[in-house]
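Participant: Questions regarding the structure given below will be posed in turn.
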Amino acid sequence: MATVSELGSSIRCRTTPARGCAVSEPWEVDAERLRARPPRHILFLCVANSARSQMAEGLARALAPAGVKVSSAGSAPSKVNPLAVEVLAEIGLDISKHRSKSVSEIPPADVDLVVTLCAEEECPLFLGKAPRLHWGLPDPAAAQGDESARRKSFRSVRDELSRRLGRVFSPGFLLETTRYLFFTGKGGVGKTSLSAATAIGLADRGERVLLVSTDAASNLDEILGVELRNQPVPVPGVAGLSVLNVDPDAAAEAYRLRVLAQLGDQATDDERSTVREQLSGACTTELAAFDEFAALLADAPAEYGHVIFDTAPTGHTLRLLSLPKAWTGFLEGNDRGASCLGPHSGLKLQEARFARALAALADPTRTTVVLVATPDARAIGEAARTAREFVALGIGHQRLAINGVFHASDDTDGVATALAAQQGAATAQLPAALDALPRDEVALRPFDTVGVPALRALLRTGVALPPSPSAIEPAPLRMDPLSALVEQLAGQPQGLVMVMGKGGVGKTTIAAALAVALAERGLEVHLSTTDPAAHLVDTLSGDVPRLEVSRIDPAVETRAYVEKIMATKGRELDAQGQALLREDLRSPCTEEVAVFHAVSRVISESRRRFVVLDTAPTGHSLLLMDATGAYHRQALRDLGPGLNPTRLTTPLMRLQDPALTHVVIVTLPETTPVSQAAALQEDLRRAKVEPFAWVVNRSLSAAGAHEPLLAAKLEGERRQLRRIANGLAKRVFVVPWRPAPPVGARALAALAAGASDGTGPAAR
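The opening residue of the sequence shown carries number 416 in our numbering; numbering runs sequentially from there.
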């Protein structure tokens, strides 16, 4: 008979600050080997098949990936112990329909792993050739004492089985023992859900965990049901877990106060006012948020064994993580601190902290980066680019998590089979940067990952939560196709169309489709993007008459801006003065100014032709809006007393003009994207910018899916559509999911027209 050691794979001893070697007991060695080669059919055996083996079967069904069969049996079967049913129900698992089975009912040739659980009696004999493990655990049914004592014994065995099977079947990122875990990737791939589920999983194992959001548009409060603050807040129902949001506004104000304190008592009120104004821009906000982030890396409270970061969408994250090197380079040799009183004027005080933060990021024994992607070619490509850029930053300890993996169970559903085929094609050949990484797959779930029970179930493959009943009464659902939006926009010869929304909802596709449709109507169109990820060229895939395509590249714009300043303000300076000016312009804050000027130039073109602006994910867009507002206020002050403000037209004024600007908010018919779209709309309205329309993208219900898992998701989708129709949006346009991505002018034009491209009814 084979032994489990024959299944292969070497054992790595991972360490934790608290426990030392993570692989120490024999069962842990077995579990590590099984992770490398999971069984196809695992059989749990004990004598009566009433308690231990029944609980093991229920837990393994919940944890095992799709395709793994799980059974249990006994040599003298009796009946399932009610306390086994009860203690599994306490953690959301139902084994009430299980029955005790004889080992003779299990075909020996069908099993490739046997786990015996007997401790005090002789275990059943199994005649097959499958490898055999022995996890001897005490029989909880034999425990002495009252009902409470026996129940405690059942819970103890349940928890031990959960710990062991969790090591075998849990995603690898849930087993990582580094102190810091980063979940990052393209917007909309499920970083927040996976990071929160991981934090809950670690806390449920007895760890002390701090979950941190660095996303300006975070929705951790919604999915965890707790109000976020810039101090740790305990999560109800999860012992040992606290959550913290790096609040950009609070961090910025604290940062301003620290910088102002450096001026000393001799500073005049005018000098203090000048410095506060210099610290009012979006760069200060981003810098201050990073300062808080660096503090958690450099000096995290010792009480937390794990600090898990739910990061902003990829482009913003890379910008954030590149700051330690940028600031370190800026500060080197600068014993005066910065030579101006701008946003970077307090950085010298934090230099040691930045160095410790960068050291923590680059240390593979302390930091793991989990690159999250959906089984989608674009998300995978983004993850590969991110992996390479992290390596360039010196952050090499990475793993890949593919979220939302779907296996069709109904081959009569064209949408389901197309979705499964699309995912399979996307993951068949991973880019080299990802192929070498440890890889985990998380199944597509039929429920929204909102609330602690749903997040606990996310990483348990066999658990399905029923859809939450909707408290929203149906409203008249007037939702037009995208072609109707094109008709309304084309009613004027020029204007600004600003496409906004949460990352991953399809802004680039919708922006490109609108631009192509307007150009095909004979209108002059400029399609541009401020998104650091910049997928416009790939989406458009060719030239279109009357359509100009551009990207506002931060690096290019910054170089041009620096040279312009050196050629103007630096022209009259001596060599030392020019060196000091160029030093100041090395600050990452210069990029904010340069990009803002580029956006302003593009917006100004909307007076003579259509400008379709594909914006970066929501958090970055809000920083852009803040920069626009700051410029607006500065321009009004610069007019001085007695000058006519009506002679000035700032970018914000153009955005506020409904005759010139149409803001289109793109969302998916899911809880989190709709909530973030609603929050974005409120932020725009506070800036006196009224959104023109919402586009609900990739609607499965509009595509006509009926496969069981997809059908379960459709009820949640319909709830969100009713939510939107009940007053969130004045105009709503729906784009169905389509099997093939609309790449190229022809496919984009078909998408905008609401026509099929020959592969399916609609949009990706």
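We put the beta carbon where it would ideally sit given N, CA and C, even for glycine.
Which term fits Pro522, buried or exposed, when burial requires 16 or more other beta carbons within 10 angstroms of its beta carbon?
Facilitator: For the purposes of this step, residue 522 is identified with residue 107 of the sequence shown, where counting begins at 1. Pro522 comes out exposed.
Participant: Could you give the DSSP three-state label for Ala1165: helix, strand or coil?
Facilitator: Counting from 1 along the sequence shown, the entry for residue 1165 is found at position 750. In this structure, Ala1165 counts as helix in the three-state DSSP scheme.
Participant: For the alpha helix (DSSP H) containing Ala466, list its first residue and its last residue.
Facilitator: Your numbering for residue 466 matches position 51 in the sequence shown. Careful: Ala466 lies outside any alpha helix (DSSP H) and carries neither H nor E.
Participant: Output the residue ranges of the alpha helix (DSSP H) runs that lie fully inside the stretch 805 to 832 and measure 4 residues or longer, sorted by chain position.
Facilitator: none
Participant: What number of angstroms, rounded off, separates the C-alpha of Phe459 from the C-alpha of Val500?
Facilitator: As a position in the sequence shown, residue 459 is number 44, starting the count at 1. As a position in the sequence shown, residue 500 is number 85, starting the count at 1. Using only the alpha carbons, I get a separation of about 17 Å.
Participant: Would you list, in sequence order, the uninterrupted alpha helix (DSSP H) runs of no fewer than 4 residues that lie entirely inside the stretch 1000 to 1033?
Facilitator: 1004 to 1019
Participant: Just the C-alpha distance for Gly1209 and Phe598, rounded to the nearest angstrom, thanks.
Facilitator: Nothing can be reported for residue 1209, as the shown portion of the chain is limited to 416 through 1179.
Participant: Can you check whether the CB of Pro1157 is closer than 8 Å to the CB of Thr924?
Facilitator: Against the sequence shown, residue 924 aligns to sequence position 509. Against the sequence shown, residue 1157 aligns to sequence position 742. Between Thr924 and Pro1157, the C-beta gap is smaller than 8 Å, which places the two residues in contact.
Participant: Excluding the five sequence neighbours on either side, which residues of its own chain have a C-beta within less than 6 Å of the C-beta of Glu963, listed in chain order?
Facilitator: Here residue 963 corresponds to residue number 548 of the sequence shown, with the count starting at 1. Closer than 6 Å at Cβ, skipping near neighbours: His941.
Participant: List the endpoints of the continuous alpha helix (DSSP H) containing Tyr976.
Facilitator: The residue labelled residue 976 in the question sits at position 561 within the sequence shown. From DSSP, the alpha helix (DSSP H) with Tyr976 extends over Pro969 to Thr983.
Participant: If you draw a straight line from the alpha carbon of Arg514 to that of Ser571, how long is it in whole angstroms?
Facilitator: Against the sequence shown, residue 514 aligns to sequence position 99. Against the sequence shown, residue 571 aligns to sequence position 156. For Arg514 and Ser571, the distance between alpha carbons rounds to 22 Å.
Participant: Classify Asp714: buried if its beta carbon has 16 or more other beta carbons within 10 angstroms, exposed otherwise.
Facilitator: To locate residue 714, count along the sequence shown from 1; it is residue 299. Exposed.
Participant: Distance check for Ser1021 and Ala612, CA to CA, integer angstroms please.
Facilitator: Here residue 612 corresponds to residue number 197 of the sequence shown, with the count starting at 1. Here residue 1021 corresponds to residue number 606 of the sequence shown, with the count starting at 1. In a straight line, the C-alpha of Ala612 is about 45 Å away from that of Ser1021.
Participant: So, at 7 Å on beta carbons, what are the nonlocal neighbours of Val518 in its own chain, with the 5 sequence-adjacent residues on each side left out?
Facilitator: Position 103 of the sequence shown holds residue 518. Cβ neighbours of Val518 beyond the five flanking positions: Leu460, Ala488, Gly489, Ser490, Pro539 and Phe541.
Participant: Figure out for me which residue from Val901, Ile967 and Thr944 has the closest Cα to the Cα of Gly937.
Facilitator: Start at 1 with the first residue of the sequence shown, and residue 937 comes out as number 522. For Gly937, the nearest C-alpha among the options comes from Val901.
Participant: In whole angstroms, what is the alpha-carbon distance linking Thr629 and Arg455?
Facilitator: Counting from 1 along the sequence shown, the entry for residue 629 is found at position 214. Counting from 1 along the sequence shown, the entry for residue 455 is found at position 40. Distance between the alpha carbons of Thr629 and Arg455 is about 40 Å.
Participant: Examine the Cβ distances between the stretch 1076 to 1083 and the stretch 1100 to 1108 and report whether three or more of them are shorter than 8 Å.
Facilitator: Yes, the stretch 1076 to 1083 is in contact with the stretch 1100 to 1108.
Participant: How far does the alpha helix (DSSP H) with Lys567 in it reach, from first residue to last?
Facilitator: Taking the sequence shown and counting its residues from 1, one reaches residue 567 at position 152. From DSSP, the alpha helix (DSSP H) with Lys567 extends over Glu562 to Phe584.
Participant: Who are Leu942's beta bridge partners in DSSP?
Facilitator: Residue numbering aside, residue 942 sits at position 527 when the sequence shown is read from its first letter. Paired residues: Val964 and Val1027.
Participant: Ordered along the chain, which non-local residues of its own chain (more than five positions away) have a Cβ less than 7 Å from that of Ala558?
Facilitator: The residue you call residue 558 lines up with position 143 of the sequence shown. Closer than 7 Å at Cβ, skipping near neighbours: Ala564, Arg565 and Ser568.
Participant: Could you name each continuous alpha helix (DSSP H) segment of 4 residues or more that falls completely within the stretch 648 to 691, going from the start of the chain to the end?
Facilitator: Counting only runs of 4 or more, we get 663 to 676.
Participant: If we ignore side chains and look at the alpha-carbon of each, how far apart do Glu535 and Arg467 end up?
Facilitator: As a working note, residue 535 is residue 120 in the sequence shown. As a working note, residue 467 is residue 52 in the sequence shown. CA-CA distance, Glu535 to Arg467, rounds to 13 Å.
Participant: Determine the closest residue to Pro1066 out of Ala1167, Pro1154, Glu1122 and Leu911, with distance taken between C-alpha atoms.
Facilitator: By 1-based counting over the sequence shown, the position of residue 1066 is 651. It is Leu911.
Participant: Reducing DSSP to helix, strand and coil, say where Gly1159 ends up.
Facilitator: In the sequence shown, residue 1159 corresponds to position 744, counting from 1. Coil at Gly1159, not helix or strand.
Participant: Quick check: Tyr595 and Arg793, are their CB atoms within less than 8 Å of each other?
Facilitator: Mapped onto the sequence shown, residue 595 falls at position 180. Mapped onto the sequence shown, residue 793 falls at position 378. No.
Participant: For Gly602, which of Leu508, Asp791, Asp685 and Leu590 has the nearest alpha-carbon?
Facilitator: Indexing the sequence shown from 1 puts residue 602 at position 187. Comparing Cα-Cα distances from Gly602 to each of Leu508, Asp791, Asp685 and Leu590, the minimum goes to Asp791.
Participant: Going by other Cβ atoms of all chains shown within 10 Å of its Cβ, with 16 needed for buried, is Lys606 buried or exposed?
Facilitator: To locate residue 606, count along the sequence shown from 1; it is residue 191. Residue burial annotation: Lys606 is buried, with at least 16 other C-beta atoms found within 10 angstroms of its C-beta.
Participant: Do three or more CB pairs link the stretch 867 to 876 to the stretch 1135 to 1146 at distances below 8 Å?
Facilitator: The stretch 867 to 876 vs the stretch 1135 to 1146: no contact.
Participant: Less than 8 Å between the C-beta atoms of Val627 and Gly655, yes or no?
Facilitator: For the purposes of this step, residue 627 is identified with residue 212 of the sequence shown, where counting begins at 1. For the purposes of this step, residue 655 is identified with residue 240 of the sequence shown, where counting begins at 1. Their beta carbons are not under 8 Å apart, which means Val627 does not touch Gly655 by this criterion.
Participant: Straight-line CA distance for Ala1167 to Ala899?
Facilitator: Against the sequence shown, residue 1167 aligns to sequence position 752. Against the sequence shown, residue 899 aligns to sequence position 484. For Ala1167 and Ala899, the distance between alpha carbons rounds to 9 Å.
Participant: Please say whether Leu609 and Val787 have beta carbons closer to each other than 8 Å?
Facilitator: Start at 1 with the first residue of the sequence shown, and residue 787 comes out as number 372. Start at 1 with the first residue of the sequence shown, and residue 609 comes out as number 194. Yes; because the gap between Cβ atoms is below 8 Å, this pair is in contact.
Participant: Return helix, strand or coil for Ile615, following the three-state DSSP convention.
Facilitator: For the purposes of this step, residue 615 is taken as the residue at position 200 of the sequence shown. In the three-state reduction of the DSSP assignment, Ile615 falls in the helix class, which pools H, G and I.
Participant: To the nearest angstrom, how far is the alpha carbon of Ala1162 from that of Ala930?
Facilitator: Taking the sequence shown and counting its residues from 1, one reaches residue 1162 at position 747. Taking the sequence shown and counting its residues from 1, one reaches residue 930 at position 515. The straight-line gap from Cα to Cα measures roughly 13 Å.
Participant: What does the alpha-carbon distance come out to for the pair Asp968 and Thr1030?
Facilitator: For the purposes of this step, residue 968 is taken as the residue at position 553 of the sequence shown. For the purposes of this step, residue 1030 is taken as the residue at position 615 of the sequence shown. Rounded to the nearest angstrom, the gap between the Cα atoms of Asp968 and Thr1030 is 13 Å.
Participant: Start and end of the beta strand (DSSP E) containing Gly489?
Facilitator: Indexing the sequence shown from 1 puts residue 489 at position 74. Gly489 -> beta strand (DSSP E) spans Lys484 to Gly489.
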